[in-house]
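Protein chains: 2
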Amino acid sequence: MHEPEWLTADELTAWTALAGVLFLLPAALDSQLQRDSGLAMADYMVLVMLSERDGHCMRMSDLASSASTSQSRLSRIVARLEAADYVTREMAPDDRRAVLATLTETGLAKLVAAAPGHVAQVRRLVFDRLTSAQVLSLTDIARALAHPDDHANCELST
Amino acid sequence: MHEPEWLTADELTAWTALAGVLFLLPAALDSQLQRDSGLAMADYMVLVMLSERDGHCMRMSDLASSASTSQSRLSRIVARLEAADYVTREMAPDDRRAVLATLTETGLAKLVAAAPGHVAQVRRLVFDRLTSAQVLSLTDIARALAHPDDHANCELST
DNA sequence: CTAGTTTATTTGACGCGGCAACTACTTCCG
DNA sequence: CGGAAGTAGTTGCCGCGTCAAATAAACTAG
Numbered sequence: 002m003h004e005p006e007w008l009t010a011d012e013l014t015a016w017t018a019l020a021g022v023l024f025l026l027p028a029a030l031d032s033q034l035q036r037d038s039g040l041a042m043a044d045y046m047v048l049v050m051l052s053e054r055d056g057h058c059m060r061m062s063d064l065a066s067s068a069s070t071s072q073s074r075l076s077r078i079v080a081r082l083e084a085a086d087y088v089t090r091e092m093a094p095d096d097r098r099a100v101l102a103t104l105t106e107t108g109l110a111k112l113v114a115a116a117p118g119h120v121a122q123v124r125r126l127v128f129d130r131l132t133s134a135q136v137l138s139l140t141d142i143a144r145a146l147a148h149p150d151d152h153a154n155c156e157l158s159t
Numbered sequence: 002m003h004e005p006e007w008l009t010a011d012e013l014t015a016w017t018a019l020a021g022v023l024f025l026l027p028a029a030l031d032s033q034l035q036r037d038s039g040l041a042m043a044d045y046m047v048l049v050m051l052s053e054r055d056g057h058c059m060r061m062s063d064l065a066s067s068a069s070t071s072q073s074r075l076s077r078i079v080a081r082l083e084a085a086d087y088v089t090r091e092m093a094p095d096d097r098r099a100v101l102a103t104l105t106e107t108g109l110a111k112l113v114a115a116a117p118g119h120v121a122q123v124r125r126l127v128f129d130r131l132t133s134a135q136v137l138s139l140t141d142i143a144r145a146l147a148h149p150d151d152h153a154n155c156e157l158s159t
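Those sequence lines, one after another, are chains A and B.
Residue numbers for the first sequence follow our numbering, beginning at 2 and rising by one.
Residue numbers for the second sequence follow our numbering, beginning at 2 and rising by one.
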């Protein structure tokens, strides 16, 4: 692992720009949501996932993978959301290990209230700045990058 | 606040994919660096910034803005790096309020050891997955998105 | 039926980052 | 000179996320 082929000039330029986006865009989205609605992105995502399901109800583990988060984190997020009356938790009838999180009316209302501001922020920070050709291009690129774990850990043998 | 012009279908597709990248790519990069070198991305960035300066030396506030981080965070990061002997801190001779952080030999060695694995990860997760045309496209797109604060807070009056 | 394994979720300890308060130095202005 | 205002950096408190351990229920064999 002496000279692991550095990046080309083009790649370095691209990487610098991408790194900026990776760092600053989530922060900007998060802070809008936090300021505007008192929700973190992760909280918002959880509410969205629940709102899209029939019965506004999902198992914790499904919810965790849908929201791309760890189970322990999800557990704490849902605990907070429950404390705020945005969701309820109940044992699953069929599998008593599982827990079903259900979006409450209050939670749905919260989501409905929060969504427009969030969407507006996404529009302002992303789509207002891109041509429609770039949007298509971005879709392909983002899809190509969207599964880091696929063959990421080749060398992490131990 | 009824129908605040939602996203078009294309935009929604793009956003879904982009959101995945925004969420998963930093995590994948961070975890490689952490596992491989015991450094967080922020630590790594600080070391990189210092290594690029003459004398491997920078004021805390310059370092903070170069690394796009808050002063308080930078203060803690540098404190950790100092404890690990990767940097030293000393009062600036000209302005006794300021603190100069300097990369040590050990710190430079650490960086040199950590860089190849990090670069390899970037290559694996990003550039190996894109055509060179996509790299150019990505550069434009990322640049367009790279300054969230420019006109982000229009409505955050108060 | 029962011991062992796997699956689902929670929790305790710990470290980190944000915010605001605080110290210390410098600069500005009379 | 002397005090107000600004600048540089650090720190206490708090909430959050991670890791690993704990709990509990469900399969799986024997």
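From the three backbone atoms N, C-alpha and C, an ideal C-beta is built for every residue, glycine too.
As the structure is a computational prediction, the values presented were derived from the model and not from experiment.
Cross-chain neighbours of S69(B) in chain A, by beta carbon under 7 Å: To locate residue 69(B), count along the second sequence from 1; it is residue 68. Those are F24, L25, listed as they occur along chain A.
Taking the alpha-carbon positions, what's the I142(B) to S76(B) distance? Sequence index remark: in the second sequence, residue 142(B) carries index 141 (1-based). Sequence index remark: in the second sequence, residue 76(B) carries index 75 (1-based). About 33 Å.
Return helix, strand or coil for L40(A), following the three-state DSSP convention. Sequence index remark: in the first sequence, residue 40(A) carries index 39 (1-based). Reduced to three states, the DSSP call for L40(A) is coil.
Secondary structure of L13(B), DSSP reduced to three states: Stepping through the second sequence from its first residue, residue 13(B) is reached at position 12. DSSP places L13(B) in helix when its eight states are reduced to three.
Separation of L19(A) from K1(B), as counted between CA atoms: Within the shown structure, residues of chain B are numbered from 2 to 159, placing residue 1(B) beyond reach of any answer.
Contacts around L8(A), its chain only, beta-carbon distance under 8 Å, and the 5 residues preceding and following it disregarded: In the first sequence, residue 8(A) corresponds to position 7, counting from 1. Contacts found: W16.
Under 8 Å between C-beta atoms, does D11(B) make it to chain A? Looking up residue 11(B) in the second sequence gives position 10. True, the Cβ-Cβ gap to chain A drops below 8 Å.
Under 8 Å, do V100(A) and R60(A) count as touching if we go by C-beta distance? Reading the first sequence from its first residue, position 99 is the one you call residue 100(A). Reading the first sequence from its first residue, position 59 is the one you call residue 60(A). Contact flag set, yes.
For S73(A), which residues in chain B fall below 7 Å Cβ to Cβ? On the first sequence, position 72 is the one that residue 73(A) refers to. Those do not exist, as S73(A) stays about 15 Å from chain B at its closest Cβ, beyond 7 Å.
On the three-state DSSP scale, how would you describe V22(A)? Stepping through the first sequence from its first residue, residue 22(A) is reached at position 21. Reduced to three states, the DSSP call for V22(A) is helix.
By the 8 Å beta-carbon criterion, what residues does the segment 93-110 of chain B contribute toward chain A? none
Measuring alpha carbon to alpha carbon, tell me which residue in S138(B), E12(B), V49(B), T132(B) is nearest Y87(B). For the purposes of this step, residue 87(B) is taken as residue 86 along the second sequence, with counting starting at 1. Of the candidates S138(B), E12(B), V49(B), T132(B), the residue whose Cα lies closest to the Cα of Y87(B) is V49(B).
I need the straight-line Cα distance from E83(B) to D96(A), nearest angstrom please. Here residue 83(B) refers to the residue found at position 82 when the second sequence is read from its first residue. Here residue 96(A) refers to the residue found at position 95 when the first sequence is read from its first residue. Their backbone Cα atoms lie some 51 Å apart in a straight line.
Limits of the beta strand (DSSP E) - the one that A194(A) falls within: Limits of chain A in this structure are 2 at one end and 159 at the other, which puts residue 194(A) out of reach.
Alpha carbon to alpha carbon, how far is P27(A) from A43(A)? In the first sequence, counting from the first residue as 1, residue 27(A) sits at position 26. In the first sequence, counting from the first residue as 1, residue 43(A) sits at position 42. Distance between the alpha carbons of P27(A) and A43(A): 11 Å.
Contacting positions in the segment 42-54 of chain A - beta carbon closer than 7 Å to chain B: none
If the criterion is Cβ atoms closer than 8 Å, does the pair L34(B) and L40(B) meet it? As a working mapping, residue 34(B) is identified with position 33 in the second sequence. As a working mapping, residue 40(B) is identified with position 39 in the second sequence. Against a cut-off of 8 Å, the Cβ pair of L40(B) and L34(B) comes out as a contact.
Alpha helix (DSSP H) segments (min. 4 residues) lying fully within the segment 114-147 of chain A: 133-146
Could you list the residues in the segment 133-152 of chain A with a C-beta less than 8 Å from some C-beta on chain B, going in chain order? S133, Q135, V136, L137, S138, L139, T140, D141, I142, A143, R144, A145, L146, A147, H148, P149, D150, H152
According to DSSP, is R74(B) helix, strand or coil? As a first step, residue 74(B) is located in the second sequence; it is residue number 73 there, counting from the start. Taken through DSSP and simplified to helix, strand or coil, R74(B) comes out as helix.
Who are the near neighbours of L126(A) in its chain, counting only those whose CB is closer than 8 Å to its CB and skipping five residues on each side? Start at 1 with the first residue of the first sequence, and residue 126(A) comes out as number 125. The residues are L26, A29, L30.
Once you ignore the five residues that flank T132(A) on each side, which residues in its own chain have a CB closer than 8 Å to its CB? Taking the first residue of the first sequence as position 1, residue 132(A) is located at position 131. Close CB contacts of T132(A) within its chain, under the 8 Å cut and outside five residues either way in sequence, are absent.
Buried or exposed by the 16-neighbour rule on C-beta atoms within 10 Å, applied to M46(A): Working through the first sequence from its first residue, we reach residue 46(A) at position 45. M46(A) comes out buried.
Report yes if the CB atom of T89(B) is closer than 8 Å to the CB atom of T70(B), and no otherwise. Residue 89(B) sits at position 88 when you count from the first residue of the second sequence. Residue 70(B) sits at position 69 when you count from the first residue of the second sequence. Taking 8 Å as the Cβ cut-off, T89(B) and T70(B) do not qualify as a contacting pair.
Is the Cβ of A85(B) closer than 8 Å to any Cβ of chain A? Position 84 of the second sequence, counted from the first residue, corresponds to residue 85(B). For A85(B), the answer is no, since every Cβ of chain A falls outside 8 Å of its Cβ.
Less than 8 Å between the C-beta atoms of T103(B) and C58(B), yes or no? For the purposes of this step, residue 103(B) is identified with residue 102 of the second sequence, where counting begins at 1. For the purposes of this step, residue 58(B) is identified with residue 57 of the second sequence, where counting begins at 1. Contact: yes.
With C-beta atoms as the reference, is A68(B) less than 8 Å away from G21(A)? Taking the first residue of the second sequence as position 1, residue 68(B) is located at position 67. Taking the first residue of the first sequence as position 1, residue 21(A) is located at position 20. No, the Cβ-Cβ distance between A68(B) and G21(A) is not below 8 Å.
Within this structure, are the beta carbons of E91(A) and V136(B) separated by less than 8 Å? As a first step, residue 91(A) must be located in the first sequence, where it is residue number 90. As a first step, residue 136(B) must be located in the second sequence, where it is residue number 135. Not a contact, by the Cβ cut-off of 8 Å.
Apart from the five residues just before and just after D37(A), which ones in its own chain have a Cβ nearer than 8 Å to its Cβ? Here residue 37(A) refers to the residue found at position 36 of the first sequence. Correct list, in chain order: A115, G118, H119.
Beta carbon proximity, T89(A) to chain B, threshold 8 Å: As a working note, residue 89(A) is residue 88 in the first sequence. So no, T89(A) is outside the interface.
Please state whether DSSP places R60(B) in a helix, a strand or coil. Taking the second sequence and counting its residues from 1, the one referred to as residue 60(B) is at position 59. Here R60(B) carries a strand assignment [DSSP, helix/strand/coil].
Anything in chain B within Cβ reach of A115(A), meaning under 7 Å, just list it in chain order. Position 114 of the first sequence, counted from the first residue, corresponds to residue 115(A). Within chain B, no residue comes near A115(A); the closest Cβ sits about 10 Å away, beyond 7 Å.
How would you write the range of the beta strand (DSSP E) that E91(A) sits in, first residue to last? Taking the first sequence and counting its residues from 1, one reaches residue 91(A) at position 90. In the DSSP annotation of this structure, the continuous segment of the beta strand (DSSP E) that includes E91(A) starts and ends at 88-92.
Are S62(A) and L109(A) touching if we call contact CB-CB under 8 Å? As a first step, residue 62(A) must be located in the first sequence, where it is residue number 61. As a first step, residue 109(A) must be located in the first sequence, where it is residue number 108. No.
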